[in-house]
Amino acid sequence: MTSLGNYTTDSTNGHSNILRHEKCDAYLLFHLETALGEGFRTFLYSLGLAYCFIGLSAITARFFRSMESVVKHSRTVETIDPLTNTKVVKYEKVWNYTIADITLLAFGTSFPQISLATIDAIRNIGKLYAGGLGPGTLVGSAAFDLFPIHAVCVVVPKAGELKKISDIGVWLVELFWSFWAYIWLYIILEVWTPNVVTLWESILTVLQFGLLLIHAYAQDKRWPYLSLPIERAERPEEWVPAEVVKYRPLDKVHEPHSEVSQVGEEENSEIVDIFSIHSGEGTGHFYRNLAGEDVTESSTPNNGNIIPEESDILSIWKHQFVDALMLESAESRKLNNIYLRVARIFWQSLRLPWKLLFAFVPPYQIAHGWIAFICSLIFISGIAYVVTKITDLISCVTGINPYVIAFTALASGTSWPDLVASKIAAERQLTADSAIANITCSNSVNIYIGIGVPWLIDTLYNYIAYNEPLRIDNAEGLSFSLLVFFSTSVACIGVLVFRRLTIGAELGGPRVWAWVTCIFFMLLWLIFVVLSSLRVSGII
1 MTSLGNYTTD STNGHSNILR HEKCDAYLLF HLETALGEGF RTFLYSLGLA YCFIGLSAIT
61 ARFFRSMESV VKHSRTVETI DPLTNTKVVK YEKVWNYTIA DITLLAFGTS FPQISLATID
121 AIRNIGKLYA GGLGPGTLVG SAAFDLFPIH AVCVVVPKAG ELKKISDIGV WLVELFWSFW
181 AYIWLYIILE VWTPNVVTLW ESILTVLQFG LLLIHAYAQD KRWPYLSLPI ERAERPEEWV
241 PAEVVKYRPL DKVHEPHSEV SQVGEEENSE IVDIFSIHSG EGTGHFYRNL AGEDVTESST
301 PNNGNIIPEE SDILSIWKHQ FVDALMLESA ESRKLNNIYL RVARIFWQSL RLPWKLLFAF
361 VPPYQIAHGW IAFICSLIFI SGIAYVVTKI TDLISCVTGI NPYVIAFTAL ASGTSWPDLV
421 ASKIAAERQL TADSAIANIT CSNSVNIYIG IGVPWLIDTL YNYIAYNEPL RIDNAEGLSF
481 SLLVFFSTSV ACIGVLVFRR LTIGAELGGP RVWAWVTCIF FMLLWLIFVV LSSLRVSGII
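full-length UniProt numbering applies: residue 1 is where the sequence shown begins, and numbers increase by one.
Written as structure tokens, this is what we have:
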């Protein structure tokens, strides 16, 4: 394949124009692509990019379910009751919920962006200038997380329903490190070493993620001197309200007309409930869904460590392939609207190749979900690699500045897992903690890991090979985007604080005010995208 980064750009005073008019000789699969018209090539590559985002959404569902299984893992703790001198057996969660929100949840939802930035950095190893897709995508993703996702979460609760943050202390800690991440990035690019990144700056960037974890855990445990003196509000024992689950154990898997599925993973559902990690419910049992019957969940001890039999695992894995080939679910067949049924069948047909490919991911019930977790990461990285290739081609063919594509299409597409995760939390959870924490923590992960690790890879190589720092092309445009993002984010957080002081909650409330807040957040996002795109393109 011809290198996609070997075309030149016209620049004026360090800024690239929005559009260039050079012929692009790069191609994706076949050299014959270069003979096609630029408009038709752009259309084909855009379709390919959109199809990659569909695949990203499909594998993200499996990734979330495996992550949920990892977090649900509990250990057996035996103690002696001092009064009765009898042995007491308890089951404690291995993961602290605050740490799980920052690491598995925020890291998981940000992994597409992190993969894209890391692949972009690896492709640029040996070059003195860093790639533009990674940082541009991560900053654009941060804006998408903060504005559109907050806008969706505000209107998701039912009319009049209020959902507020129960642990303000932990949220303030996460918010501080999120804001500091972008201040730190600006200091690197404009204050300490303008337009370059040194090895030590990259190392410090990555290490600050560890400081975030320690500080958040200290706040959650209310460690003296390291935590804010803010009491945690009353929080329900189960963050996710109980629901009736119409499943029964997999004891008769060979009965006719039965559909084997995993808990909460109906075929007609595009999203999974990853936030039951905050609930004491959920064992990871197998259940079977019987068509036309009203059955109840089996009563089994619920410690999160039930290990299914090997035959059940093989049955589940086999049905992953069976489900991948199904174009219409039982619920879809009941629809009276033929157009809606056709639309659903068409959508499932588009997803079928992806679903069949991802059916090779082992069931999440194996090894507490770790194998499925790792396999999902591998698939996500593969899709991210293809996305970087297609994005380079779109930029090459159309002449659109790569930063502009990163701020818009790439940021929106790779932030889809963040949107899904926060939307589920706003719908299902009794509080707003995880919905908002996922946004703030994802932004921190984007900088400390998503930009820190790729820069560390390139700066380490340049230091060893050339004894030179990593240079940032169009650092002024990126710094300007950081300033715009910081200014608009202050307005966003100010609105959330105002809602807390006036109506008593960050999410939900009167429908009119919820929609007003939603529109305001979307306007902030448009301001960021327009100003950043004009700046990196040298227009302003």
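Backbone N, C-alpha and C define an ideal beta-carbon position, used for all residues, glycine too.
Remember, it's a predicted structure, so these values are computed and weren't measured experimentally.
In angstroms, rounded to a whole number, what distance separates the CA positions of residue 27 and residue 124?
-> Along the sequence shown, read from residue 1 onward, the residue named residue 27 stands at position 27. Along the sequence shown, read from residue 1 onward, the residue named residue 124 stands at position 124. C-alpha separation (whole angstroms): 19 Å.
Take residue 144 as the anchor and find which of 356, 219 and 407 has the nearest alpha-carbon.
-> For the purposes of this step, residue 144 is taken as the residue at position 144 of the sequence shown. When only C-alpha atoms are compared, the closest one is 407.
Are residue 439 and residue 162 closer than 8 Å when you measure CB to CB?
-> Here residue 439 corresponds to residue number 439 of the sequence shown, with the count starting at 1. Here residue 162 corresponds to residue number 162 of the sequence shown, with the count starting at 1. No, they are not a contact pair.
What is the residue span of the beta strand (DSSP E) that residue 80 lies within?
-> Stepping through the sequence shown from its first residue, residue 80 is reached at position 80. Looking at the DSSP string, the run of the beta strand (DSSP E) that includes residue 80 is 74–80.
Nearest candidate by alpha-carbon position, reference residue 73, set 138, 174, 92 and 351 | Translated into the one-based positions of the sequence shown, residue 73 becomes position 73. Nearest option by C-alpha distance: 92.
Using DSSP bridges, identify the partner residues of residue 322.
-> Looking up residue 322 in the sequence shown gives position 322. Answer by DSSP bridge pairing: none, since residue 322 is not bridged.
Given residue 394 as reference, the closest of 357, 100 and 46 once Cα atoms are compared | Along the sequence shown, read from residue 1 onward, the residue named residue 394 stands at position 394. The shortest Cα separation from residue 394 among 357, 100 and 46 belongs to 46.
Using the DSSP secondary-structure output, state which residues sit across from residue 90 in a beta bridge.
-> Taking the sequence shown and counting its residues from 1, one reaches residue 90 at position 90. DSSP output for residue 90 lists 77 as bridge partner(s).
Around the Cβ of residue 486, are there at least 16 other Cβ atoms within 10 angstroms (buried) or fewer (exposed)?
-> Within the sequence shown, numbered from 1, the residue matching residue 486 stands at position 486. Flag for residue 486 reads exposed.
Which stretch, first to last residue, makes up the alpha helix (DSSP H) that contains residue 438?
-> As a position in the sequence shown, residue 438 is number 438, starting the count at 1. Run containing residue 438: 433–445, per the alpha helix (DSSP H) assignment.
How should residue 105 be labelled, buried or exposed, when 16 other C-beta atoms within 10 angstroms of its C-beta is the threshold for buried?
-> In the sequence shown, the residue the question calls residue 105 occupies position 105. Residue 105 is buried by the Cβ-count criterion.
Run the CB neighbour count on residue 40, radius 10 Å, all protein chains shown included, and call it buried at 16 or more, exposed below.
-> Counting from 1 along the sequence shown, the entry for residue 40 is found at position 40. Looking at its Cβ environment, which holds fewer than 16 other Cβ atoms inside 10 Å, residue 40 is exposed.
Helix, strand or coil for residue 185, going by three-state DSSP, please let me know.
-> Reading the sequence shown from its first residue, position 185 is the one you call residue 185. It is helical.
What's the C-alpha gap between residue 154 and residue 436?
-> If you number the sequence shown from 1, residue 154 lands on position 154. If you number the sequence shown from 1, residue 436 lands on position 436. Using only the alpha carbons, I get a separation of about 10 Å.
Just how far apart, CA to CA, sit residue 392 and residue 49?
-> For the purposes of this step, residue 392 is taken as the residue at position 392 of the sequence shown. For the purposes of this step, residue 49 is taken as the residue at position 49 of the sequence shown. Using only the alpha carbons, I get a separation of about 11 Å.
Backbone CA spacing between residue 369 and residue 178 [nearest angstrom] = As a working mapping, residue 369 is identified with position 369 in the sequence shown. As a working mapping, residue 178 is identified with position 178 in the sequence shown. Distance between the alpha carbons of residue 369 and residue 178 is about 29 Å.
Residues of its chain near residue 518, where Cβ-Cβ distance is below 7 Å and the 5 sequence neighbours each way are ignored = Your numbering for residue 518 matches position 518 in the sequence shown. Counting only Cβ-Cβ distances below 7 Å, and skipping sequence neighbours, we find 151, 154 and 155.
Identify every run of the alpha helix (DSSP H) within the region 140–175, keeping only runs that are complete inside it and at least 4 residues long; order them along the chain.
-> 150–155
For the candidate residues 219, 190 and 356, whose alpha-carbon lies nearest to that of residue 318?
-> Position 318 of the sequence shown, counted from the first residue, corresponds to residue 318. That would be 356, whose Cα lies nearest to the Cα of residue 318.
Which runs of the alpha helix (DSSP H) spanning at least 4 residues fall entirely within the region 367–399, listed in chain order?
-> 370–398
Shortest alpha-carbon distance to residue 483 belongs to which of 468, 527, 415 and 35?
-> Counting from 1 along the sequence shown, the entry for residue 483 is found at position 483. Looking at the Cα atoms, 527 is the closest of the given residues.
With 16 other CB atoms within 10 Å as the buried threshold, where does residue 78 fall?
-> As a working note, residue 78 is residue 78 in the sequence shown. Residue 78 is exposed by the Cβ-count criterion.
In terms of DSSP beta bridges, what is residue 471 paired with?
-> Working through the sequence shown from its first residue, we reach residue 471 at position 471. Answer by DSSP bridge pairing, in chain order: 129 and 196.
Answer yes or no: do residue 412 and residue 425 have a C-beta to C-beta separation smaller than 8 Å?
-> Position 412 of the sequence shown, counting from 1, holds the residue named residue 412. Position 425 of the sequence shown, counting from 1, holds the residue named residue 425. Their beta carbons are not under 8 Å apart, which means residue 412 does not touch residue 425 by this criterion.
With a Cβ-Cβ cutoff of 8 Å, do residue 385 and residue 477 count as a contact?
-> Start at 1 with the first residue of the sequence shown, and residue 385 comes out as number 385. Start at 1 with the first residue of the sequence shown, and residue 477 comes out as number 477. Their beta carbons are not under 8 Å apart, which means residue 385 does not touch residue 477 by this criterion.
Assign residue 363 to one of two classes, buried (16 or more other C-beta atoms within 10 Å of its C-beta) or exposed (fewer than that).
-> To locate residue 363, count along the sequence shown from 1; it is residue 363. Burial call: buried.
Pair within 8 Å by beta-carbon distance, residue 64 and residue 416 = Position 64 of the sequence shown, counted from the start, is the residue given in the question as residue 64. Position 416 of the sequence shown, counted from the start, is the residue given in the question as residue 416. Not a contact, by the Cβ cut-off of 8 Å.
Whose C-beta lies closer than 7 Å to the C-beta of residue 524 among residues of the same chain, with five residues either side of it excluded?
-> The count along the sequence shown starts at 1 and reaches residue 524 at position 524. Hits under 7 Å: 147, 488, 491 and 492.
So what's residue 44 in DSSP terms, helix, strand or just coil?
-> Walking along the sequence shown from the start, residue 44 turns up at place 44. Residue 44 falls in the helix class under three-state DSSP.
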